[in-house]
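K.L.:
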Amino acid sequence: MKLPISDSRGRPVHLTYCTNIHPGETWPEVLEVVRSHVKAVKQRVSPHEPFGMGLRLSDRAVRTLIAAPDVLQDFRDELDREGLYVFTLNGFPYGPFHGQPVKETVYRPDWLEPERISYTQRLAGVLAALLPRGPRGPGPALGLLEGSISTVPGSFRGRAAAHGAALATIAENLRMAAATLARIRADGGPTMGLALEPEPHCVLETTAEAVRFFEQHLYTEASVRAFQPLTGMSRVEAAEALHRHLGLCLDACHAAVEYEAPDETLALLKKSAIPVFKLQVSAGLRVPVPSARALAVLQEFADGVYLHQTVVSRGGALVRHLDLPDALAAAGAGDIGDEWRIHYHVPVFTNEFSEGFSRLEPTSAFLKELLTLFSREPLCPHVEVETYTWDVLPEALRGAPLDDAIARELAFTHNALVPGRIGEDAGGMP
């Protein structure tokens, strides 16, 4: 949904949620998600105005749309009729993302592999066809929107370590994807940005690492020269295009798990001039006092589906564990530390957990400060709530049926950015 605030470039800020919370790998399954869940959420939070979508498309689904332009056009027509629009894609998970072990396979193919380029190019073609290009649907005209595609932050750190020139290869492949985005724009299509999403245990793990990568591998004179033959642009045009089409997705959960400070993170991004295309509103788990009872409660979060990277603060240093079971095993051997933060997305409206989980906390303090700072000076036009771990979340922490919980997350985020109730039944404000 369009918010009454704009970023530093004057672009209106749009708020949505990511549909990766819903299982759906094939195109018919994705379409059913839109027709059931997305429409239900729209009715709760934006019944009379257009509602934007953060659409997750697997490679299997996007291939269907590329191979059948009539199916893609039918979908766009349906969006118009229903007052829906797509402005951002989640291009991170390539394959199955629910109901089976995902773990570190979620990063494959990564930016060391040509197939990641091809998948991203297919996503760009679909997004270019779906982005609003003028008045559509009920309510005020949306105008011409820019699009964003969030993606893997290079590769899984362990894989990159075994590669002889990982960062150079990643940068080369990103330039090839950016060249596709530049060609679409040059041919009269929309402007789209590819947003790398820093995540624990990846090549780009923190905001600072991401900034260094851009400055040392993408924004250099050598990188600009390498980009020129891919696009036929002058040096100045190529430099501008790299900045226009390659940037970051800031995930609040990931940054909190890495013990980043919201004000310092935003200041670093502003100073670097690296574009942030999307803010993902998310909250992780925090164990302020890792007692034996608290760690026993954490066992319930050690599921077999997703990777829950855990960062332990110990005497001022950070100790990183690939997954929650690894951290629990280390604690069992006596390496407990002072505080734990876990990459496990919990509903963003959660202030504290119910009895039985009270020794755990959400990283809500980080999120609230980040949203407050963002509301004063929005750094990007796309804001997306992302709580994809709903299916594995302990029942007691869900708080409401799924569509109601999503609406409440959107209401929480809206109120943090633009105070005031939204929709007719957004679940109230915490």
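Just so we're aligned: the sequence shown equals residues 14 to 443 in the numbering used here.
Positions of the beta carbon are idealized from the N, C-alpha and C atoms, including for glycine.
Output yes or no for whether 8 Å exceeds the beta carbon distance between Lys291 and Glu365.
P.N.:
No, Cβ-Cβ distance for Lys291 and Glu365 is not below 8 Å.
K.L.:
Grab me the residues of Ile287's own chain with a C-beta within less than 7 Å of its C-beta, minus the 5 sequence neighbours each way, in chain order.
P.N.:
So the qualifying residues of the chain are Val224, Phe227, Gly260, Leu261.
K.L.:
In chain order, which continuous runs of the beta strand (DSSP E) of length 3 or greater are located wholly inside the segment 297–336?
P.N.:
Listed in chain order, the complete beta strand (DSSP E) runs (minimum 3 residues) inside the segment 297–336 are 323–327, 330–334.
K.L.:
If you measure between the beta carbons of Thr244 and Gly297, is that distance less than 8 Å?
P.N.:
For Thr244 and Gly297, no; Cβs fall outside 8 Å.
K.L.:
What would DSSP say about Pro151, mapped onto helix, strand or coil?
P.N.:
Because Pro151 carries a pLDDT of 40, less than 50, the predicted location of this residue cannot be relied on, and no value is offered for it.
K.L.:
Can you check whether the CB of Leu392 is closer than 8 Å to the CB of Lys283?
P.N.:
In this structure, Leu392 lies closer than 8 Å to Lys283 by Cβ.
K.L.:
Tell me the start and end of each unbroken beta strand (DSSP E) in the segment 62–89 that is at least 3 residues and wholly inside, in chain order.
P.N.:
Listed in chain order, the complete beta strand (DSSP E) runs (minimum 3 residues) inside the segment 62–89 are 64–69.
K.L.:
Leaving out five residues on either side along the sequence, give the residues of the same chain with a beta carbon under 6 Å from the beta carbon of Pro127.
P.N.:
Correct list: empty, nothing qualifies.
K.L.:
For Thr204, name the three-state secondary structure that DSSP assigns.
P.N.:
If DSSP states are grouped into helix, strand and coil, Thr204 belongs with coil.
K.L.:
Of the residues Ala252, Glu42, Gly96, Pro41, which one's Cα is nearest the Cα of Val54?
P.N.:
Closest option to Val54, Cα to Cα, is Gly96.
K.L.:
Give me, in chain order, the residues of the same chain whose beta-carbon lies closer than 8 Å to that of Pro145; leave out the 5 immediate sequence neighbours on both sides.
P.N.:
These residues qualify, in order along the chain: Tyr98, Phe100, Leu155, Gly156, Leu157, Leu158.
K.L.:
Please report the distance separating the alpha-carbon of Asp416 from that of Ser49.
P.N.:
The straight-line gap from Cα to Cα measures roughly 9 Å.
K.L.:
Does Ala420 pass the burial test, meaning 16 or more other C-beta atoms within 10 Å, or should it be called exposed?
P.N.:
With 16 or more other Cβ atoms within 10 Å, it is buried.
K.L.:
Suppose contacts are defined by Cβ-Cβ distances below 8 Å. Is Thr193 in contact with Thr164 by that definition?
P.N.:
For Thr193 and Thr164, no; Cβs fall outside 8 Å.
K.L.:
Assuming Val431 contacts Pro17 under a Cβ cut-off of 8 Å, what Cβ separation, rounded to an integer in Å, is found between them?
P.N.:
With 8 Å as the limit, Val431 and Pro17 qualify as a contact, their Cβ atoms being about 6 Å apart.
K.L.:
Going by Cα to Cα distance, which pick from Asp93, Ser21, Pro82, Pro106 is closest to Thr32?
P.N.:
Closest by alpha carbon: Pro106.
K.L.:
Report the rounded CA-to-CA distance for Phe370 versus Ala340, giving the unit in angstroms.
P.N.:
Taking the straight line from one Cα to the other gives about 18 Å.
K.L.:
What span of residues does the beta strand (DSSP E) with Thr385 cover, start to end?
P.N.:
Counting along the chain, Thr385 falls outside any beta strand (DSSP E), though it belongs to the alpha helix (DSSP H) covering 377–389.
K.L.:
Could I get the ranges of all uninterrupted alpha helix (DSSP H) runs contained in the segment 251–304, with 4 residues as the minimum, in chain order?
P.N.:
Here the runs fully enclosed are 265–270, 275–285.
K.L.:
How would you label Gly112, buried or exposed, when you count the other beta carbons within 10 angstroms and need 16 or more for buried?
P.N.:
Looking at its Cβ environment, which holds fewer than 16 other Cβ atoms inside 10 Å, Gly112 is exposed.
K.L.:
Here's the rule I'm using: 16 or more other beta-carbon atoms within 10 Å means buried, otherwise exposed. How should Lys15 be labelled?
P.N.:
Flag for Lys15 reads buried.
K.L.:
How close, in whole Å, do the beta carbons of Ala254 and Ala191 come, if the pair is a contact with beta carbons under 8 Å?
P.N.:
About 7 Å; that satisfies the 8 Å criterion.
K.L.:
Considering Cα atoms alone, identify which of Tyr30, Val289, Ala346, Glu374 is closest to Val300.
P.N.:
Measuring from the Cα of Val300, the nearest candidate turns out to be Glu374.
K.L.:
Helix, strand or coil for Trp40? Go by DSSP, reduced to three states.
P.N.:
Helix.
K.L.:
To which residues of the same chain is Leu320 closer than 8 Å at the C-beta, ignoring the five residues directly before and after it?
P.N.:
For Leu320, where only same-chain residues beyond five positions count, the Cβ hits under 8 Å are Val115, Lys116, Glu117, Val119, His214, Leu335, Asp336, His356.
K.L.:
Nearest-angstrom Cα distance between Gln229 and Glu45?
P.N.:
Between Gln229 and Glu45, the C-alpha separation is close to 43 Å.
K.L.:
From His473 to Ala181, what does the alpha carbon distance come to, in whole angstroms?
P.N.:
Any question about residue 473 goes unanswered here, given that the chain covers just 14 to 443.
K.L.:
Within the same chain, show all residues whose beta-carbon is closer than 8 Å to that of Val294, passing over the 5 residues directly before and after it, in chain order.
P.N.:
Closer than 8 Å at the Cβ level, and outside the excluded window around Val294, lie Ala265, Val361, Leu380, Leu384, Val396, Glu397, Val398, Glu399, Glu422, Thr426.
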